[in-house]
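Have a look at the structure below before the remarks.
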Amino acid sequence: AILLDFRDVAMTFPDGTVALSGVDLTVKRGEFVTVVGPSGCGKSTLLRIASGLETASHGSVDLNTDRIGYVFQDATLLPWRPVQANVELLAELHGIPKAARAAKAKEAIDLVGLSGFEKFLPRALSGGMRMRTSLARSLTLDPEIFLFDEPFGALDEITRERLNDELLRLFSEKQFAGLFITHSVSEAVYLSTKVIVMSGRPGKIVGTFDVPFDMPRD
Ligand code: ADP
Ligand code: ADP
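Numbered per UniProt numbering, the sequence shown spans residues 18 to 235.
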C-alpha cells in the first residue's frame, strides 16, 4: 500500500521563489526512503508539503494515513518539562488520558534507550538524548510513517552514527515507513535501500537508486 504519493509536485512561494518542480515520489508501507541533496534544493519544502505544514502550488499529494511522526533537527522539547512530560506531550494534545499516555510514554522511552532519564530536564541531556526524547514523543502516537528533516545534522559524528543504528533497529523492529531528508550521501546510503537524489534550483529529482542490502554500510 502506498502511504505517501507525490505526483508532479511543484512549489512556488508567494515571493516567487520556485523551490520544487516536477517531483514524483512514493513511500510504501514499511519502506524507508532517504532524500539526499545539497542545501537549498528544496528538501525541507518537500517534507513540509508531505506533512501538510505547507501546501504544494501544483500537483497532487496524498498522505494515506493520519498517523505521522515528524522529527526535526531541532528536537523542539519544552525546556521546563522533564523527559517523561515532554514525551507525553503529543499524546496529551491528542486527549489521551493520563494513565494511558504515561504508559505509552514509558514504552517509547524504553524503545529509544532513555529508561532512567524520565525526570531529567532537557538542559541536563546531551544533544543525542534530546533527539531520542523527540523520537520517543513521536512514537507515542504509533505513527505509520515517520518524516525526518535532517534530524541528526547538528549532532557530533559518533552520536549521529549511534542514532543511525538505533533508527535502523527501530525500523526493522516496528516496520514503520520513513522519509528521511539529509545532505549526507553516506547517511542516506547507510539508512535506506532506496535513495532519491535531488539537485538544482528549483529542486528536482535527478536519480533514484536502490542500494542492495549487502552493500557495505560502514
Ligand atoms: P533544503 O531543505 O534542501 O536546504 P529548502 O526546502 O529549505 O531547501 O529551500 C528550498 C528553496 O526555497 C531555497 O531557495 C529557500 O530559500 C526557498 N524557501 C524556503 N522556504 C521559503 C519561503 N517560505 N518563502 C520563500 N522561499 C523559501
Ligand atoms: P502542565 O501545565 O500541563 O503541567 P506545562 O509544561 O505547560 O505543563 O507547565 C508546567 C509549568 O511550567 C506550569 O506551572 C507553567 O506555568 C510553567 N511554564 C509554562 N510555560 C513556561 C515557560 N515558557 N517557562 C517556564 N515555565 C513555564
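Quick reminder that beta carbons are idealized off the backbone N, C-alpha and C, glycines included.
| Identity of the residue in Glu-167, Gly-224, Thr-210 nearest Ala-92 by Cα | Glu-167
| CB-CB length for Gly-59 against Pro-160, believed under 8 Å | About 24 Å separates the two Cβ atoms, so there is no contact after all.
| Are Phe-49 and Lys-211 closer than 9 Å when you measure CB to CB? | yes
| query | In three-state terms, what does DSSP make of Thr-176? | reply | helix
| request: Indicate whether the contact test is met: 3 or more Cβ pairs, each with one atom in the segment 64-79 and one in the segment 135-152, closer than 8 Å. | output: no
| field | Phe-188 in three-state terms, based on DSSP | value | helix
| task | Using a threshold of 9 Å, state whether the C-beta atoms of Leu-63 and Leu-42 are closer than that. | result | yes
| query | By a C-beta neighbour count over all protein chains shown, 10 Å radius and 16 as the cutoff for buried, is Thr-51 buried or exposed? | reply | buried
| said: Check for me: the alpha helix (DSSP H) holding Ile-126 runs from which residue to which? | reply: 115-128
| task | Reducing DSSP to helix, strand and coil, say where Val-228 ends up. | result | coil
| query | Near Ser-61, which residues of its chain fall below 6 Å by C-beta distance, leaving aside the five closest residues on each side in sequence? | reply | Asp-166
| request: Taking 9 Å as the cut-off, decide whether the C-beta atoms of Arg-46 and Gln-192 are in contact. | output: yes
| message | Using only the alpha-carbon positions, how far apart do Glu-174 and Ser-203 sit? | response | 12 Å
| If we count the other Cβ atoms within 10 Å of its Cβ and call it buried at 16 or more, is Glu-190 buried or exposed? | exposed
| task | Would you tell me roughly how many angstroms separate the C-alpha atoms of Ala-102 and Ala-67, rounded to the nearest one? | result | 28 Å
| query | Apart from the five residues on each side of it in sequence, which residues of its chain come closer than 7 Å, Cβ to Cβ, to Leu-37? | reply | Val-26, Ala-27, Met-28, Gly-59, Thr-62, Leu-63, Pro-219, Gly-220
| request: Could you tell me if the beta carbon of residue 240 falls within a distance shorter than 8 Å of some heavy atom in ligand 1? | output: Outside the modelled stretch of the chain, which goes from 18 to 235, sits residue 240, for which no answer is possible.
| query | Would DSSP call Arg-24 helix, strand or coil? | reply | strand
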